[in-house]
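Visitor: Just so we're aligned, residue 156 is where the sequence shown starts under the working numbering, counting upward by one.
Where is the CB? At the ideal position from N, CA and C, for every residue including glycine.
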Amino acid sequence: MSEKIFIGVAWPYANGSLHLGQIAGANLPADIFARYHRTKGNEVLMVSGSDQHGTPTTIKAEQEGKTPQEIAGIYQKEFLDCWQKLGIAFDLYTTTGTKNHAEVAQDIFLKLLEKDFLYRKTVSQAYCPKCQRFLPDRYVEGTCPYCNTPGARGDQCDACGKLMDAPDLIEAHCRLCGTAPVYKDSEQFFLRLPAFRDRLLDWIKTRTHWRSNVLNFTTRLLEEGLIDRAFTRDIDWGVPVPVKGFENKRIYVWFEAVIGYLSASKQWAKEIAGNEDKWRTFWEDDVKSYYFIGKDNIIFHTVIWPAMLLGYGGLALPYDVPANEFLTIEGRKLSTSKNWAVWLPDYLSRYDPDPLRYHISINMPETSDTDFSWREFVRRNNDELVATYGNLVNRVLTFVYRNFDGCVPEYGELGEPDKNLMKKADDCLVQTGDLLSKCNFKQAIMTAMAAAHETNRYLDEKSPWKVIKEDRHSAANSLYVALYAISCLKTALYPFLPFSSQKVNEYLGFQGNVEEAGWKPNPPPPGQKLQEPKPLFTKLDESIIEEETRRIGT
Ligand SMILES: [Zn+2]
Ligand SMILES: [Zn+2]
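1. Using 7 Å as the cut-off, classify the Cβ of lysine 317 as near or not near the heavy atoms of ligand 2, replying yes or no.
2. For tyrosine 556 and proline 688, which I take to be in contact (beta-carbon distance under 8 Å), what is that distance rounded to the nearest angstrom?
3. Based on the DSSP output, what are the partners of aspartate 353 in its beta bridges?
4. For cysteine 332, does the three-state DSSP call read helix, strand or coil?
5. Quick check on the burial criterion: 16 or more other C-beta atoms within 10 angstroms. Buried or exposed for valine 304?
6. Could you tell me if proline 680 is buried or exposed, where buried requires 16 or more neighbouring beta carbons within 10 angstroms of its beta carbon?
7. Only counting the same chain, and skipping five residues up and downstream in sequence, which positions put a Cβ closer than 8 Å to that of alanine 711?
8. If you compare alpha carbons, which of Phe188, Ala496, Ala185 and Lys433 is closest to threonine 704?
9. Expressed to the nearest angstrom, what Euclidean distance is found between the alpha-carbon atoms of proline 564 and threonine 553?
10. Residues in its own chain within less than 8 Å of arginine 352 by CB, not counting five upstream and five downstream?
11. Check aspartate 526 in the structure and name its three-state DSSP category.
12. As a quick exercise: from Glu411, Pro336 and Glu225, pick the residue whose alpha carbon is nearest that of aspartate 262.
13. Check the C-beta distance from tryptophan 392 over to arginine 405 and give it rounded, since I have them as a contact under 8 Å.
14. Using the beta-carbon count (16 or more within 10 Å), is threonine 334 buried or exposed?
15. Does ligand 2 have even one heavy atom less than 7 Å from the beta-carbon of tyrosine 445?
16. Three or more C-beta pairs closer than 8 Å, one from the segment 267-277 and one from the segment 342-358: is that the case here?
17. Measure how close the beta-carbons of isoleucine 178 and isoleucine 517 come, nearest whole angstrom, since I'm counting them as under 8 Å.
18. Using the Cβ count rule (16 or more neighbours within 10 Å means buried), how would you classify valine 337?
19. Please report the Cβ distance between asparagine 611 and leucine 547, rounded to the nearest whole angstrom; I am assuming they are in contact, meaning their Cβ atoms lie under 8 Å.
20. Can you give me the Cβ contacts of tyrosine 710 inside the same chain, cut-off strictly under 7 Å, excluding the 5 residues immediately before and after it?
21. Measuring alpha carbon to alpha carbon, tell me which of Thr361, Ala281 and Phe344 ends up nearest histidine 328.
22. For glutamate 539 and glycine 466, I'd like the C-alpha separation in whole angstroms.
23. For a test of your reading of the model: does the CB of leucine 331 fall under 7 Å from any non-hydrogen atom of ligand 1? Yes or no.
24. Who pairs with valine 337 in a beta bridge, going by DSSP?
25. Can you tell me the Cα-Cα spacing of asparagine 668 and alanine 419, whole angstroms?
26. Under DSSP, the alpha helix (DSSP H) around threonine 304 begins and ends at which residues?
27. Got a sec: does ligand 1 put a non-hydrogen atom nearer than 7 Å to the Cβ of lysine 285?
28. Tell me whether asparagine 430 is buried or exposed, calling it buried when 16 or more other Cβ atoms sit within 10 Å of its Cβ.
29. The beta strand (DSSP E) with serine 444 in it runs from where to where?
30. Is the distance from the Cβ of proline 291 to the Cβ of isoleucine 454 below 8 Å?
31. Measuring only between beta-carbons, confirm whether proline 653 sits less than 8 Å from chain C.
32. Just tell me which of Thr194, Val622, Cys286 and Leu356 has its CA closest to the CA of cysteine 643.
33. Would you give the residue range spanned by the beta strand (DSSP E) that serine 172 belongs to?
34. Determine the DSSP secondary structure at glutamine 728, reduced to helix, strand or coil.
35. Taking the alpha carbon of asparagine 494 as the point to measure from, which residue in Lys488, Ile162, Ile226 and Thr709 has its own alpha carbon closest?
36. Check whether the segment 613-633 touches the segment 580-595, taking contact to mean three or more Cβ pairs, one atom from each stretch, closer than 8 Å.
Shown next, in the form of structure tokens:
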């Protein structure tokens, strides 16, 4: 029985290039998970898109003298290019700027309003007397009243993660001109979040499979109690509020962006699946929905979006929200404003995708922050990817290709060590599959790499390169067993290293892609014609460590 797996991935703001923090936090784990389930034969829908609305895009547009649309268009194109080069295989990567998204967001708005989960209330709204405009949350800055850190924004404090309203800030000022804002009355719609608290508490008790950081954070939020949240804002860039008298207001981007998961599914059904109703398979039926996000985004996916789904009715709540911790860069907190980051387009212009996917996977910030350093990147590439796995594949395939007429050797009766290694290769697939299904990515890739080590040890003992001179049959046996193990490894490593696994698949003489062959050993049959192999990975010169480190922060 195939499972239905929905994978929602955090929506990046269309206001700047992608960086490794986003890749480690959400995109790479999501892609690994999707590739595993597709190979397993499950029905997968993985969607995301650019968050075009909200003030990050308008701030950027003002800085560059462009329109928000122009900014959003530039980054949408760049993001799509990055996904393709890094191998992040979305079923659809769209934007919140589509007509479809606006319609779906307005439909949810109206349904929540109809069910009385939204109500009107007059609030005082930050207004800059000098700029003569209402100030969106992110245009108000000040000191966080909870942790006293300066530079907190009117929507959230990055230092302690607390959500807030602009008037909560100490010494608030307009980020455009530095003037202290005044507050003017304005009518907004509010979401009755407390109305969902009991149902969310009951639901969260059934989420025992969640990562403890996500579960504890969410439980604490719910136990502390929820407050009503403004659902609309006085801005002109975003999805219009579909109510008379609210023409100058927009649906607040935080609520509107999470609706993107549903609107993207509907767009996918119409435009790609060719069946307008196909989205229902991933929202209404027996589906497991996973949301891959960074830890700063947990509340939206474990409280607010579930509340909206409960309010709307009939749509699946998240099955799991495997939020990752943060990736630090060279020992320091990543900061895009200080340019303390490794930018994805930069990386992809100089290096192959798989070494980065490998490094981030085996160093994934699943339960605590982890660090990216160029020294570790080069070391892992050279010592692990090239020396352990790449070298194993290359020496076996090259030797077989040259000594057995470019074909998989015929084998005879296998001994205990041979059967042992084959069993270990089978087990490796079972174990990595089990770990992947539980979103334990780091453990999964370590398990696969351990099997590569085992295979190297087996070959060191068997030494077919020497044995072939006196006993060709025995050498053929051990080389066949090594090919069997390599074939398992290319599947086990496929979710992490899709480009090199596909190459191995072709060197082994297979047509088609690894995914189609399924999550099983698939050994190449004796006699199958091989393709001439080339090295899978390139050794990196240590000089790049200094070169690349110097780029950061400058
Ligand atoms: Zn101002
Ligand atoms: Zn704070």
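Guide: According to the structure data:
1. The residue you call residue 317 lines up with position 162 of the sequence shown. Lysine 317: yes, Cβ under 7 Å from ligand 2.
2. As a position in the sequence shown, residue 556 is number 401, starting the count at 1. As a position in the sequence shown, residue 688 is number 533, starting the count at 1. That pair is a contact at about 6 Å.
3. Working through the sequence shown from its first residue, we reach residue 353 at position 198. Answer is none; aspartate 353 lacks a bridge partner.
4. In the sequence shown, the residue the question calls residue 332 occupies position 177. Of the three classes helix, strand and coil, the one that applies to cysteine 332 here is coil, per DSSP.
5. Here residue 304 is taken as the residue at index 149 of the sequence shown, counted from 1. The displayed chain sequence assigns threonine, not valine, to residue 304. With fewer than 16 Cβ atoms within 10 Å of its Cβ, threonine 304 is classed as exposed.
6. Taking the first residue of the sequence shown as position 1, residue 680 is located at position 525. Proline 680 is exposed by the Cβ-count criterion.
7. Past the boundaries of the shown model lies residue 711; the chain is included only from 156 to 709, so the question cannot be answered.
8. In the sequence shown, counting from the first residue as 1, residue 704 sits at position 549. Nearest C-alpha to threonine 704: Ala496.
9. As a working mapping, residue 564 is identified with position 409 in the sequence shown. As a working mapping, residue 553 is identified with position 398 in the sequence shown. Using only the alpha carbons, I get a separation of about 13 Å.
10. Locating residue 352 in the sequence shown gives position 197, where the first residue counts as 1. For arginine 352, where only same-chain residues beyond five positions count, the Cβ hits under 8 Å are Leu377, Gly380 and Leu381.
11. Your numbering for residue 526 matches position 371 in the sequence shown. In the structure shown, aspartate 526 sits in a strand (DSSP, three-state: E or B).
12. The residue given as residue 262 occupies position 107 in the sequence shown. Nearest of Glu411, Pro336 and Glu225 to aspartate 262, Cα basis: Glu411.
13. As a working mapping, residue 392 is identified with position 237 in the sequence shown. As a working mapping, residue 405 is identified with position 250 in the sequence shown. Confirmed, Cβ separation roughly 7 Å.
14. For the purposes of this step, residue 334 is identified with residue 179 of the sequence shown, where counting begins at 1. Label assigned to threonine 334: exposed.
15. Start at 1 with the first residue of the sequence shown, and residue 445 comes out as number 290. Not so, every heavy atom of ligand 2 lies at least 7 Å from the Cβ.
16. yes
17. Working through the sequence shown from its first residue, we reach residue 178 at position 23. Working through the sequence shown from its first residue, we reach residue 517 at position 362. Actually they do not touch by this definition, with Cβ atoms about 14 Å apart.
18. For the purposes of this step, residue 337 is identified with residue 182 of the sequence shown, where counting begins at 1. That one is exposed.
19. The residue given as residue 611 occupies position 456 in the sequence shown. The residue given as residue 547 occupies position 392 in the sequence shown. Confirmed, Cβ separation roughly 5 Å.
20. What the structure shows of the chain is the stretch from 156 to 709, and residue 710 is not part of that stretch, so it cannot be assessed.
21. What you label residue 328 is simply residue 173 of the sequence shown in a count that begins at 1. When only C-alpha atoms are compared, the closest one is Ala281.
22. Taking the first residue of the sequence shown as position 1, residue 539 is located at position 384. Taking the first residue of the sequence shown as position 1, residue 466 is located at position 311. Near 50 Å, if we compare the C-alpha coordinates of glycine 466 and glutamate 539.
23. One-based indexing of the sequence shown puts residue 331 at position 176. Result yes, Cβ under 7 Å from ligand 1.
24. For the purposes of this step, residue 337 is identified with residue 182 of the sequence shown, where counting begins at 1. In DSSP, valine 337 forms a bridge with Tyr282.
25. Here residue 668 refers to the residue found at position 513 of the sequence shown. Here residue 419 refers to the residue found at position 264 of the sequence shown. Roughly 26 Å between the two C-alpha positions.
26. The residue you call residue 304 lines up with position 149 of the sequence shown. Unbroken run through threonine 304: none, as it is neither H nor E.
27. The count along the sequence shown starts at 1 and reaches residue 285 at position 130. Lysine 285: yes, Cβ under 7 Å from ligand 1.
28. Within the sequence shown, residue 430 is the residue found at index 275, counting from 1. Classification of asparagine 430: exposed, given that the 10 Å Cβ count is below 16.
29. Looking up residue 444 in the sequence shown gives position 289. Per DSSP, serine 444 belongs to the beta strand (DSSP E) from 443-447.
30. Against the sequence shown, residue 291 aligns to sequence position 136. Against the sequence shown, residue 454 aligns to sequence position 299. No, the Cβ-Cβ distance between proline 291 and isoleucine 454 is not below 8 Å.
31. The chain inventory of the structure shown lacks chain C, comprising one protein chain alone.
32. In the sequence shown, residue 643 corresponds to position 488, counting from 1. Measuring from the Cα of cysteine 643, the nearest candidate turns out to be Thr194.
33. Position 17 of the sequence shown holds residue 172. No beta strand (DSSP E) holds serine 172; DSSP gives it neither H nor E.
34. In this structure the chain extends from 156 to 709, so residue 728 is not present and cannot be described.
35. Sequence index remark: in the sequence shown, residue 494 carries index 339 (1-based). Ranking the options by Cα distance to asparagine 494, first place goes to Thr709.
36. no
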